[in-house]
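Student: Under mature numbering (1 follows the signal peptide of the UniProt record, and there is no 0), residues -29 to -1, 1 to 269 are what the sequence shown spells out, in order.
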Amino acid sequence: MSTPTTRRDVIKTIVLGSAWMAAPSAVNAFLPEPDQIGNPCWNGRIHHSACYWCYQSIPLDDFCAALRQMGLAAIDLLQPNQFEIAKNHGLEVSMCYGGDLGIPRGWNNPDLHDQLVKNYSENIPVIAKYGFKNVICFSGNRNGMDDETGLQNCVLGLKRILPIAEKYKVTMVMELLNSKVDHHDYMCDHTAWGVELCKRLDSEYFKLLFDIYHMQIMEGDIIRTIRENHAYIAHYHTGGVPGRHEIDDTQELYYPAIMRAIAETGFQGHVAQEFIPTAHDSAGKLSALKKCIQICDV
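#1: Is DSSP giving S150 helix, strand or coil here?
#2: Once the 5 residues before and after K221 are set aside, which same chain residues still bring their CB inside 7 Å of it?
#3: Should K130 go down as buried or exposed, given a rule of 16 or more other Cβ atoms within 10 Å for buried?
#4: Below 7 Å between beta carbons: does that hold for P81 and N124?
#5: Given a cut-off of 7 Å, decide if I17 and D32 are closer than it, judged by their beta-carbon atoms.
#6: Report yes if the C-beta distance between N105 and T142 is below 7 Å; otherwise report no.
#7: Does any C-beta atom of chain B lie closer than 7 Å to the C-beta of M230?
#8: Once you ignore the five residues that flank residue 271 on each side, which residues in its own chain have a CB closer than 6 Å to its CB?
#9: Evaluate D160 with the Cβ neighbour count: other Cβ atoms within 10 Å of its Cβ, from every protein chain shown; 16 or more gives buried, anything less gives exposed.
#10: DSSP on A232, reduced to helix/strand/coil?
#11: Whose C-beta lies closer than 6 Å to the C-beta of C22 among residues of the same chain, with five residues either side of it excluded?
#12: At what residue ranges does the stretch 88 to 138 contain a whole run of the beta strand (DSSP E), taking only runs of 3 or more?
#13: Determine the contact status of I132 and V88, defining contact as a CB-CB distance below 7 Å.
#14: Out of curiosity, what's the CA-to-CA distance linking H185 and Y226?
#15: Using C-beta distances below 7 Å, list every residue in its chain close to Q53, excluding the 5 sequence neighbours before and after it, in chain order.
#16: Which residue from Y203, F109 and N114 puts its Cα closest to that of G237?
#17: Would you report the Cα separation of M158 and W78, rounded to the nearest angstrom?
#18: Measure the C-alpha to C-alpha separation of M116 and M66 and round it to an integer number of angstroms.
#19: Once DSSP output is grouped into helix, strand and coil, what is the label at Y157?
#20: According to the Cβ coordinates, are G191 and L179 closer than 7 Å?
#21: For the stretch 12 to 51, which segments carrying the alpha helix (DSSP H) assignment without a break, of at least 4 residues, lie completely within its bounds, in sequence order?
#22: Would a C-beta distance cut-off of 7 Å place H208 and D182 closer than the cut-off?
#23: From I95 to G42, what does the alpha carbon distance come to, in whole angstroms?
#24: Buried or exposed: which applies to G73, given that a residue is buried once 16 or more other Cβ atoms fall within 10 Å of its Cβ?
#25: Grab me the residues of L62's own chain with a C-beta within less than 8 Å of its C-beta, minus the 5 sequence neighbours each way, in chain order.
#26: Short check: CB of H241 to CB of S20, under 7 Å?
#27: Count the other C-beta atoms from every protein chain shown that fall within 10 angstroms of the C-beta of N14, then say buried if there are 16 or more, exposed otherwise.
#28: Just how far apart, CA to CA, sit C267 and I193?
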């Protein structure tokens, strides 16, 4: 996420369905021909996805159709009540919402454990029923808590839900977020903290979401960090630094090299585009998405 626009902001964004439908030629101009749908020319080393919250001015049904036209097989960050739309388009939801209480209120707070366990216990079977594999979770904010106490609290809470995750083969994935710019006071803000939590839980069904944008802000040293910690990473997000816009040459990260490093680890999960498009129209947003996928398609 980025300031001033965040996932929470775009949840409230109005649907501009009429604008999307009004200019089909503009939208379709950059998409593959119909006979290429389902047979994309992507290299296959990176499994691409896209976060819907960055495109909520486009109705979900239309956005799913556009992803299929681009040759994508996945969409990121949908709620359970949106799964059916993705399924109808043949899309996997590569990272699901399914029980969190918002980024500041997470597993480091024992007072929230009962509610979190209840929420995830209800939604993990739904995620599994659709054949999806990952559900997002958050550490929560520190609120004066030291890192060790936060680790201990997260272990206590997550150990209550992991048997259900393991039963249904759904991975709990905690996102690494920056606490410097976008999510002040967030606890899981360094790779080392997240990796330590993975080690203490010692489960194949708990891993990290490595957000390249966020970790560039907090740590830098992206490629070496990925190479040394890839065993604990289930998912990646992209975004340009600074600003979380397009991942082109207007920002400081060189994504082709990062993607090659990810591919060289043998990673079989998804890399989801989570940049905020600078274009205001639907066609421009989708054109930017395709361009950024091309940048990552090494």
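No residue lacks a Cβ here, since even glycine has one placed at the ideal position from N, Cα and C.
Tutor: In this structure, then:
#1: coil
#2: Checking the sequence, you will find Thr at residue 221 rather than Lys. Cβ within range, chain order: G211.
#3: exposed
#4: yes
#5: no
#6: It is a contact, given that the beta carbons lie within the stated cut-off.
#7: In summary, chain B is missing from the structure at hand, where a single protein chain is found.
#8: Because the chain is modelled from -29 through 269, residue 271 falls outside the range shown and cannot be assessed.
#9: buried
#10: helix
#11: D47, L48, A243 and E245
#12: For the stretch 88 to 138, the full-length beta strand (DSSP E) segments reaching 3 residues or more read 105 to 108 along the chain.
#13: Yes.
#14: Between H185 and Y226, the C-alpha separation is close to 14 Å.
#15: Closer than 7 Å at Cβ, skipping near neighbours: L31.
#16: The shortest CA-to-CA distance from G237 to any of Y203, F109 and N114 is the one to Y203.
#17: The alpha-carbon atoms of M158 and W78 are separated by roughly 10 Å.
#18: Straight-line measurement puts the Cα of M66 at about 28 Å from the Cα of M116.
#19: Strand, per DSSP.
#20: no
#21: If we require 4 residues or more, the alpha helix (DSSP H) runs fully inside the stretch 12 to 51 come out as 31 to 41.
#22: yes
#23: 28 Å
#24: exposed
#25: Result list for L62: C35, L38, R39, L43, A44, A45 and I46, in chain order.
#26: yes
#27: exposed
#28: 15 Å
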